Amino acid sequence: MIYNQNKVEILRQRYPEGTRICVDSMDDYCPIESGTCGTVEFVDDAGTLHCKFDNGRTLGVIPDVDKFHKIDQEQTQTD
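Shown next, in the form of structure tokens:
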């Protein structure tokens, strides 16, 4: 899925570098396991969130295709 430039900028503001996310489910042939957390490295021009996951894998997360949620900073400090 490719987003227009306005949507990509909104995604970049919502998920800046360092944002923590947690995967709920992925539509991928080799998905990241549900419940795995990761850190956003950058959002590319197509709107894909490129992340490094706590299990050592890196993979792009596609909003509106993959299911994930943002982890609050307070939540990560107590984990």
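Residue numbers (full-length UniProt numbering): 1 to 79. Ideal Cβ positions, reconstructed from N, Cα and C, are used throughout, including at glycine. Because the structure is a prediction, the values reported are computed rather than measured.
Measure the alpha-carbon distance for R14 versus Y29 and round it to whole angstroms. 27 Å
Could you round the C-beta distance between V61 and I21 to whole angstroms and report it? I think they count as a contact, below 8 Å. 7 Å
C-alpha distance - S34 paired with F42, whole-angstrom precision: 21 Å
Verify whether the separation of the beta carbon atoms of K67 and T58 is less than 8 Å. no
My output table needs one value for V23: the three-state DSSP class, helix, strand or coil. strand
Return the Cβ separation of D27 and H69 in integer angstroms, given the expectation that the two are a contact with Cβ distance under 8 Å. Not quite, the Cβ-Cβ distance comes to about 16 Å (not below 8 Å), so this is no contact.
Take I71 and list the residues in its own chain whose beta-carbon comes closer than 7 Å to its own, dropping the five residues that flank it on each side. R20, I21, C22, C37
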